[in-house]
Structure formats: structure tokens, C-alpha cells
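Novice: Pasting a structure below so you can have a look.
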């Protein structure tokens, strides 16, 4: 027997059995009396027989018993005790109290029950009937049965029990613990924990297959196969730990959660209960149920949720937000669930079908269906071939209209080179495939460049309309070609991104230099310029055409005018000119002849055709009656 009974029984009254010899004599006498009684009794006596009561060797009342074990003192108080000495068992009923007190520190536990059985040889104490255990000032256990294994100094509750503390309660079975309930295990657990600390309230409802806990400065419990209800969400995991002191609930080995509209899965989840913050890590998938307008999905390496504000912060490589066809990827996503607003930062990618936007930062307002972005932006849309780049974007997803700012540009690869459209501010309309810009607006195609105050690009027709101070320039890198044409407005027609013609609806003027010594000045109205491979091929003027051609190699200048005019060019410059409607050609030498006179030719007619070769006029053809004279007159 491991325990030393310092004082066996203390009681106000007791009744003892006789010694061994007397017990044997009494037993023979009782046997004879019982036999005689049976001989004279019929069935009626058999019906009145009572249950066999275990033999009692000693009975005591108002008993106090102390057991001394290593570093522990066990005290028992009972209203009545019956002792069976042959079995080394004492039984108490009518109410018992048991206390455990450490002999090395202040730990102590008190128990009350209706019944008690003490096995002297093993120091095993069994309590039954309304068992209550109190450990310290804050922990209470209620059960029908409790067993103290004295040799192991362990408490065991084999059946159903309830643990109550200041911050909650748990119900389970098969509790195994020490006398002070500092560490324990329990099966089939249900319970509720509450917190009112650090400015944040929380309530937890827990179900678990098993738990292992300890009580040092608060409760710390590890749950196996756990299910938790927290703030309207049901969370499941194979493993979870709860720390009352840290107000922390930590799920590991895989976790899933669901509430009325949302679901999530992750490798682990930290619920910072006092701060009302959830942090999920590892393959996090968060889903909000609903249609394309109301539902969404979020995937990330880590998602943090502030339950008080409804703010989600997702981080990943990348973190991904999906709503119908709309998808946003970034290093970090911040989503306000109440406002339905998303902020993305770091390597941002937005896509919707074939539309794609790369940005440094992006904001998405789900309710207004409005997208704003800034930083180094690149936008690709099938409605506009090529890529749009800018520093700021506002995009109305519902209407398909947007504004690009901070040096916006549309770039498109073409056969003859790159097409580039720039503006101070640029707007697009996806349905009509129109891109407009202003202050200023410019188009560059190969070595052609057009500038204007404002412009409009119709992607479907590959046509540009430019208005206000329009200037067309061309500087070819492979020769000396220079040209500058100015008009109030221009219409530029493209084909596969290359310029094929430019229409000039109003007044036009300009100059064309095929070399430094061959220059053509042009003035007129309602013109049209034709290109082949982005090289000037033909220049038409429909009204008030006035052209001056200067050949500095031969020191000759020619001016031809008419209502209409067609000018044909090749790589070397002007090759042919057709003039209609009051055509007139005047050519003269820049150098004076002898006598101070200037040589000049003048030809007039309804139509004229002028041919050039190597920069010089070699032929003038007349298709109607003409008049002409040469100065000075021939002698």
C-alpha cells in the first residue's frame, strides 16, 4: 500500500465486529438459525427475502480520513463509512468530501459526491452521485462518477462530465488528469468559450473528437478533429489549439470554413479572437456565393480578415481575385467586403475575356463597376489591335468606356513599321471601337507623323480624324526626303497599320523636299495624299491649287496653278503634274541674263500636263487650246 494512513478513522460513533474466533462461533450459530428458519418457512418466506448486503466489519459516522502520498495529502470527510476489512474496502455514503492538497505548493482541489469507495491496498478512490470537483477558484467539474488512482496520482472520469470556468464550459467523457487539473485529456468534446478582453468580444462553440489541455495562466487546449462556430462561421480542421491567455485559436493540417454565403479552405488558420482577426495561410481559397455580379473567389498564399471592418488582405505570388470573367492578380489584394472595393498593388494584372491590363496599382469598385489604375500601365484590348500604355486609367466596365492619362499611347506593329497614336488625354469606347485624344494628338506610322489639337481613331475602319492645327511631317532615314503639310483638319486612312491615304477637307499648304536642292511648295483646298508603302505617291488638290517648284541645281523656279491639280512623286521627287481648270505654268531662271533681264516661260490652258526628269521640267503637254509666250522674245 503506497499511502500511509496516519489516522485510520476519526468519528463520533462506531460499531465493530467480534474477533476471529467469535466471528466463527457467531457464524455457526447464525447458520443453524438460518437453516431452522428455512425448514419451517414456505414460499411466503422466500418472497419476503431481502437483497444480500455486503458484510460490514465496522461502521462509522462523521468520519475524517487522511491519506499521505508523495508530495500530496488526501483528506476524506464522510457522514457514514462502512468498512469491509476482508476486502480492504471502505464505503461511504450520505455525502462525502475529498480534498487534494500539494505538500510542496499551494495547489489544491476539492470534491463532493454522494458516495465513495476506498480501496486501501491501491489507494483507489471511487466517487459517485452528483460528483463536483473544484480546482482553484475558477474550475469546476461535474460528473456522475470519478475515480482517483492513488498509485498513479491520476483522476479519471469514465463517463459524461462537464467542465465549467469563468470563460466557458466543455462537456465530454473519459477525462484523465492530475489532482489539480493542470493537464488533461478528454473524448467527444463539446463546449463554449467566451472572451471580453482587449476591447474585443468573442464566442466559440466547439465540437471535437478529443482534446488535450493544460491550465497555466489560462487554458491551452489542443483539439483533434475539431469543428468550431465563430462569429457566424463554421470552421473544421483535423487539428486546432486554443490559448485563452493569448486569445488565439490556431487550426492546422488543413482547415475549411463556411457561413451563410462564404466558404474558404487553407492549410492553416489563426483566429486572433481578441482582435477579431483571421489569418489563413497556405493555398487559401475564399469564395463568396452569388452570380457574376455578386459572387467572387479569392486565392492566395495568405489572407488576413479584419472581422470588425470586413477588410480582407490577400498576399501571394500572385494573389488572385475572380468575379465572373473578371480576374485580378497582384502581390497584394485588399478587399473591403462592406464597400465592395478592391485595391491591388504590386505586379497587377486585370483581365476580362481577351482584355488585359498590367499595372503597378489598381482599384476596383464592384458596385459602380469602375476600375482605376496608376503607375506603369499596359492595356491590351481586342477592339484596338496593339497595346495601350499610360500612367493613369479610369475604366467604366459596364459601359466599356475609359480615360487614359499621363502620356497615353497606342502602339501597334505594322508591316511598314510601328503605328503609334499619342495624346495628352485619351478616351476609348469599346462598343464603337473609337479612340479619341486631345492636347495634343499625334500619329506616327513608320517615318510619317501627324500632329493635331485633337483626334479620333476608328479602329473598325482603321481611320483617323484630326482637327485643329494639323501638321503632317515625313523625314525618311534612307534619303534626304523631307515634307511638311499643314491643314485645319485631316482624315488618315490606314491599312494593316500603314498609311494609304490622307484626306484634306479644307485649306492645305506645305512643302516637300526630295533633296536639299529640290523643293515643292503646295497650297490649295480639299486635297488628298496617296501613299504606297508609306512613300508619297500622289498629291491631289480639288480647289485653288497653287504649286511652286524650285530646282536649285539649275537655278530654276516654276509655278503652276489651276482649279485642280494632281502631283505624282517617286523616290527622287516630283515626276509629273496634271493641272485642270484655268491651268497656268510660269517658269523662270533665277539668274539674270545679259542686260539684266530674267528668262521666263509662261503657258496657259484649260489643262496642262508637266513631266519632270532628274528634277527638271522636260515636257509640257496641252490637252486644249493654249496661249504662251517666252520672255525675252526671240530675235
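Residue numbers (the working numbering): 1 to 635.
We put the CB at the ideal spot given by N, CA and C, even for glycine.
Values in this document were obtained by computation on a predicted structure and should not be read as measured data.
Could you tell me the distance, in whole angstroms, from the CA atom of residue 26 to the CA atom of residue 57?
Specialist: Interpretation of residue 26 is limited by its pLDDT of 31, a score under 50 that renders its predicted location unreliable; the figure taken from the coordinates is listed afterwards. C-alpha separation (whole angstroms): 13 Å.
Novice: For the beta strand (DSSP E) holding residue 216, just list the boundary residues, first then last.
Specialist: Note, residue 216: premise wrong, no beta strand (DSSP E); not H, not E.
Novice: Name the two residues that bound the continuous beta strand (DSSP E) containing residue 525.
Specialist: Taken as a continuous stretch (DSSP letters only), the beta strand (DSSP E) holding residue 525 covers 518-532.
Novice: Leaving out five residues before and five after residue 559 in sequence, what residues of the same chain have Cβ atoms less than 6 Å from its Cβ?
Specialist: Closer than 6 Å at the Cβ level, and outside the excluded window around residue 559, lie 548 and 586.
Novice: Would you check if the stretch 424-442 and the stretch 396-407 touch, i.e. whether three or more CB-CB distances between them fall below 8 Å?
Specialist: At 8 Å Cβ cutoff, the stretches touch.
Novice: Our contact map puts residue 486 next to residue 470 with C-beta atoms below 8 Å; I'd like the distance itself, whole angstroms only.
Specialist: Indeed, because the Cβ distance is near 7 Å, the residues count as touching under 8 Å.
Novice: Over the uninterrupted beta strand (DSSP E) stretch that includes residue 426, give me the two end residues.
Specialist: Where residue 426 is concerned, the enclosing beta strand (DSSP E) stretches over 417-429.
Novice: Considering only residues of the stretch 60-114, which uninterrupted beta strand (DSSP E) runs meet the minimum length of 3 residues and lie entirely inside it, listed in chain order?
Specialist: Complete beta strand (DSSP E) runs here, min 3: 72-84, 89-102 and 108-113.
Novice: Quick one: using the 10 Å Cβ neighbour count with 16 as the cut-off for buried, is residue 269 buried or exposed?
Specialist: Buried, by the Cβ-count rule.
Novice: Report the residue ranges of all beta strand (DSSP E) runs contained in full by the stretch 341-379; include only those spanning at least 3 residues, in chain order.
Specialist: Counting only runs of 3 or more, we get 341-352 and 355-365.
Novice: Could you check the C-alpha separation between residue 85 and residue 214 for me, to the nearest Å?
Specialist: When rounded, the distance between both Cα atoms is 39 Å.
Novice: Classify residue 620: buried if its beta carbon has 16 or more other beta carbons within 10 angstroms, exposed otherwise.
Specialist: Classification of residue 620: buried, given that the 10 Å Cβ count is 16 or more.
Novice: Go ahead and label residue 408 buried or exposed: buried means 16 or more other beta carbons lie within 10 angstroms of its beta carbon, across all protein chains shown.
Specialist: The residue is buried, with at least 16 neighbouring Cβ atoms inside 10 Å.
Novice: Among the residues of its own chain, which have a CB less than 7 Å from the CB of residue 51, if the five just before and after it don't count?
Specialist: Confidence at residue 51 is low in this model, with a pLDDT of 42, below 50, so the placement of that residue should be treated as unreliable; the coordinate-derived value is given next. Cβ within range, chain order: n/a, list empty.
Novice: Could you name the residues that DSSP lists as bridge partners for residue 546?
Specialist: Answer by DSSP bridge pairing, in chain order: 523 and 561.
Novice: Does DSSP put residue 294 in a helix, a strand or coil?
Specialist: Note: residue 294 maps to coil in three-state DSSP.
Novice: When you compare only the Cα positions, how much space is there between residue 451 and residue 583?
Specialist: Cα to Cα, residue 451 sits roughly 33 Å from residue 583.
Novice: I need the DSSP call for residue 552, collapsed to helix, strand or coil.
Specialist: Residue 552 falls in the coil class under three-state DSSP.
Novice: Using the Cβ count rule (16 or more neighbours within 10 Å means buried), how would you classify residue 88?
Specialist: Residue 88 is exposed by the Cβ-count criterion.
Novice: List the residues that DSSP assigns as beta-bridge partners of residue 394.
Specialist: Per DSSP, 372 and 403.
Novice: Exposed or buried, residue 109, counting other C-beta atoms within 10 Å across all chains shown (16 or more means buried)?
Specialist: Under this definition residue 109 is a buried residue.
Novice: Should the stretch 223-243 be regarded as contacting the stretch 251-258, the criterion being three or more beta carbon pairs within less than 8 Å?
Specialist: Short answer: they touch.
Novice: Can residue 520 and residue 529 be called in contact, C-beta distance under 8 Å?
Specialist: Cβ atoms of residue 520 and residue 529: not closer than 8 Å.
Novice: Taking residue 163 as the reference, give the member of 147, 152, 182 and 191 with the closest Cα.
Specialist: For residue 163, the nearest C-alpha among the options comes from 191.
Novice: Assuming contact is defined by CB atoms lying nearer than 8 Å, are residue 267 and residue 281 in contact in what I supplied?
Specialist: Yes, they are a contact pair.
Novice: In three-state terms, what does DSSP make of residue 499?
Specialist: Residue 499 falls in the strand class under three-state DSSP.
Novice: Kindly indicate which residue of 279, 69, 344 and 491 has the alpha-carbon position closest to the one of residue 152.
Specialist: Considering only alpha carbons, the answer is 69.
Novice: Relative to the alpha-carbon of residue 501, which residue among 464, 477, 509 and 476 has its alpha-carbon at the smallest distance?
Specialist: Cα-wise, what sits closest to residue 501 is 464.
Novice: Consider the C-beta atom of residue 377 and the heavy atoms of the ligand MG; say whether any pair is separated by less than 7 Å.
Specialist: No copy of the ligand MG occurs in the structure displayed, which carries no ligand at all.
Novice: Can you have a look at residue 104 and say buried or exposed, based on whether 16 or more other CB atoms are within 10 angstroms of its CB?
Specialist: Answer is exposed; the Cβ neighbour count stays below 16.
Novice: Specify, as a first and last residue, the run of the beta strand (DSSP E) that residue 234 falls within.
Specialist: First-last of the beta strand (DSSP E) with residue 234: 233-243.
Novice: Excluding the 5 residues preceding and the 5 following residue 42 in the sequence, name in chain order all residues of the same chain whose CB lies nearer than 6 Å to its CB.
Specialist: A caution first: residue 42 carries a pLDDT of 38, below 50, which makes its placement in the model unreliable, though a value can still be read off. Once the five neighbours on either side are set aside, residue 42 has no close Cβ partner at all.
Novice: Among 225, 187, 219 and 168, which residue has its Cα nearest to the Cα of residue 204?
Specialist: The residue with the shortest Cα to Cα distance from residue 204 is 168.
Novice: If I'm right that residue 637 touches residue 176 with Cβ under 8 Å, what's the distance once you round it to whole angstroms?
Specialist: One cannot answer for residue 637 here, as it falls past the ends of the chain, which runs 1 to 635.
Novice: Can you tell me whether residue 174 is helix, strand or coil according to DSSP?
Specialist: Reduced to three states, the DSSP call for residue 174 is strand.
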